[in-house]
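Down below is the structure, laid out as structure tokens.
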Amino acid sequence: MDSFVIEGGARLRGTLRIAGSKNAALPVMAAALLADGKSVIADIPNLQDIRSQIELLKLLGCRVDRQADGKLEIEVADESCSHAPYDVVRKMRASICVLGPLLAKRGHVRVSMPGGCAIGDRPVDIHLRGLRALGATIELEGGDIIAHADKLHGAEIFLGGNFGSTVLGTANVMSAATLAQGTTVIECAACEPEIVDLADYLTSMGAKISGHGTPRIVVQGVPALHGAEHRIIPDRIEAGTFMVAAAISNGELNLDNVRIDHLMAAVDKLRSIGVIVEKSGEGVTVASARRLEAAIITTQPYPGFPTDLQAQFMALLAIANGNSIVSEKIFPDRFMHVAELTRLGARMHREGATVIIEGEQQLIGAPVMASDLRASAALVLAGLAARGTTTINRVYHIDRGYEKIEERLNALGANIKRVDQSEAE
Ligand code: EPU
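With this note's numbering applied, the sequence shown covers -1 to 423.
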């Protein structure tokens, strides 16, 4: 198991290209199961979660090839296996997004029920409710979701839950509805850019979808979909993470391949605390040269502040001027990073789903443990700002969502070594 050893204090400077979005790529890859014919998808990042999704697609009868230019070709060759087993699903929860496409295309599917994870309980009841409304019969057996439908039919579906809309639930229901008979209206649909990207891909495959990007998506079913070419949108969470890296190190970064319109809530917060963020061409320049101000942040579904940037901003606010308040409204238990940031000297007090941060702290390097993807990113950011050496154990979490993050940060002036854990201890 690898660890990172970070010598803090460097000011990051330079230019970096943001990769294609992991969370857009995963449902798009699953949607390729709906097509008769080959899809070619550009800007799929080279990450552990993507490799797990490729393995799953192969298991489900797809031929998957990465071309020399990085594009991924996906073509269904054999439809006989529709089973996503526990071994795969437990490694990557997003495997659940094969549920809708397999049900619609093959009429039956068996997907292991994903468990909870380090960011909390993550039920899939709303996915199942939506697919049942389209006419599927669904039962649970031996920890698996087993769904059947001779032919799905259009329906009016309310897809909201206690925490608002669901991103992968919307992806599943919207994908399944493309091949249903008649019209489906999804109310309280997720508005995230990743859903818009999926709708764009489905549309280029021949689907008839409108309203994506709003809470009301309308899908008119079609008899069949064909393969298509598609380019994945830039990863807004990776972009936000590197924006915080510029701010926390008092540096200046030019980030290429950024859709600033996908990041307005985060950019607004950065500007309000004193970070300079300017659009430049296809990207942004982010700079900070002074002690930042405190902020009040509440995570919300898009276009609100993203839960996937909550941990990274908390690391930043630990060294800002004054007291900040961060409330988590999507995953109320997503605070595993709080205790680890505290080990680095941050002063944080949690009350339920809210954390109060007493800023003005100089962080001091220490050994810490990565618990999940975004928590690991927060620890790397804190390590960049800390005095002395920070050792982050279990960095396999970060490899799920950021390609070679240490090499890319080092190219900007950071000092991070990847070592085998036994060497780090
Ligand atoms: N929820 C339910 N029932 C459901 C589905 C969701 O109660 O059937 C609840 C969840 O427990 C949560 C809320 O609804 O409280 C929203 O969850 P959502 O379904 O939107 O999450 P997701 O689709 O499983 C995706 C991203 C997450 C990101 C969330 C929220 C992917 C692969 N994952 O998960 O990304 O945090 O949306 O934006 O797209 C990450 O990249 O680090 C990550 C965790």
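For every residue, glycine included, the Cβ atom is placed at its ideal position computed from N, Cα and C. Fair warning: this is a prediction, and the values are worked out from it, not measured in the lab.
Residue i, enclosing beta strand (DSSP E) - first and last residue
i      : result
Gly12  : Arg11 to Arg15
Val242 : Counting along the chain, Val242 falls outside any beta strand (DSSP E), though it belongs to the alpha helix (DSSP H) covering Arg234 to Ile246.
Ile502 : Beyond the ends of the chain as shown, which are -1 and 423, falls residue 502; an answer cannot be given.
Ala487 : Because the chain spans -1 through 423 in this model, residue 487 falls outside it and cannot be assessed.
Gln218 : Arg214 to Gln218
Asp365 : Strictly speaking, residue 365 in this sequence is Pro, with Asp absent from that position. Segment Pro365 to Met367, the beta strand (DSSP E) holding Pro365.
Arg104 : Element bounds for Arg104: not the beta strand (DSSP E) but the alpha helix (DSSP H), Leu97 to Arg104.
Asn252 : Glu250 to Asp254
His260 : Careful: His260 lies outside any beta strand (DSSP E) and carries neither H nor E.
Residue-level contact to chain B via CB, residue i, 8 Å cutoff
i     : result
Cys95 : Here chain B cannot be found, since the structure has a single protein chain.
Beta-carbon proximity check, residue i vs residue j, cutoff 8 Å
i      : j      : result
Gly6   : Thr296 : no
Ser80  : Val107 : yes
Leu45  : Glu326 : no
Ala245 : Leu223 : no
Gly113 : Leu177 : no
Ala368 : Asn391 : yes
Pro43  : Lys20  : yes
Ile230 : Met172 : no
Gly98  : Ser78  : no
Ala376 : Leu339 : yes
Ile317 : Gly357 : yes
Gly180 : Asp148 : no
Close Cβ partners of residue i (< 7 Å) along its chain, the five nearest in sequence each way excluded
i      : result
Phe329 : Ile117, Gly118 and Thr305
Thr212 : Cys189
Arg398 : Leu45, Gln46, Asp47 and Leu371
Leu24  : Asp47, Gln51, Ala92 and Cys95
Glu236 : Ile16, Ala17 and Tyr400
Candidates the options, of which the one nearest residue i by Cα
i      : options                           : result
Arg372 : Leu342, Ala313 and Gly59          : Ala313
Leu379 : Asn321, Arg269, Ile323 and Leu315 : Leu315
Ala175 : Ile258, Gly249, Glu137 and Ala29  : Ala29
Ala364 : Ala337, Ile355 and Ile354         : Ala337
Lys103 : Leu31, His151 and Leu129          : Leu31
Asp142 : Tyr394, Met111 and Ile235         : Met111
Ile144 : Pro83, Glu356, Asp266 and Phe303  : Pro83
Asp34  : Arg332, Leu100, Val109 and Phe333 : Leu100
Pro301 : Pro191, Ile362 and Val284         : Pro191
Leu55  : Asp67, Met27 and Arg64            : Met27
Ala187 : Ile258, Leu166, Gly204 and Asp76  : Leu166
Glu349 : Leu129, Val324 and His335         : Val324
Sequence-distant residues of the same chain with beta carbon closer than 8 Å to residue i, five excluded per side
i      : result
Leu14  : Phe240, Leu251, Asn252, Leu253, Asp254, Arg406, Ala409 and Leu410
Glu227 : Ser37, Val38, Ile39, Ala40 and Ser202
Gln359 : Ala316, Ile317, Gly343, Ala344 and Arg345
Ser163 : Leu157, Cys186, Ala187, Ala188, Cys189, Pro213 and Pro299
Extent of the continuous alpha helix (DSSP H) run through residue i
i      : result
Met334 : Met334 to Arg341
Thr305 : From DSSP, Thr305 is part of no alpha helix (DSSP H); its letter is neither H nor E.
Glu404 : Ile403 to Asn408
Beta-carbon separation (whole angstroms), residue i vs residue j, contact threshold 8 Å
i      : j      : result
Ser278 : Asn248 : Actually they do not touch by this definition, with Cβ atoms about 20 Å apart.
Ala264 : Leu196 : In fact, because the Cβ distance is near 22 Å, the residues do not count as touching under 8 Å.
Ala293 : Asn319 : Going by Cβ atoms, the distance from Ala293 to Asn319 rounds to 10 Å, so no, they are not a contact pair.
Close beta carbons around residue i, own chain, < 6 Å, minus the five adjacent residues each side
i      : result
Ala169 : Pro25, Cys95 and Leu196
Val273 : Ala245 and Ser286
Glu73  : Lys36 and Arg61
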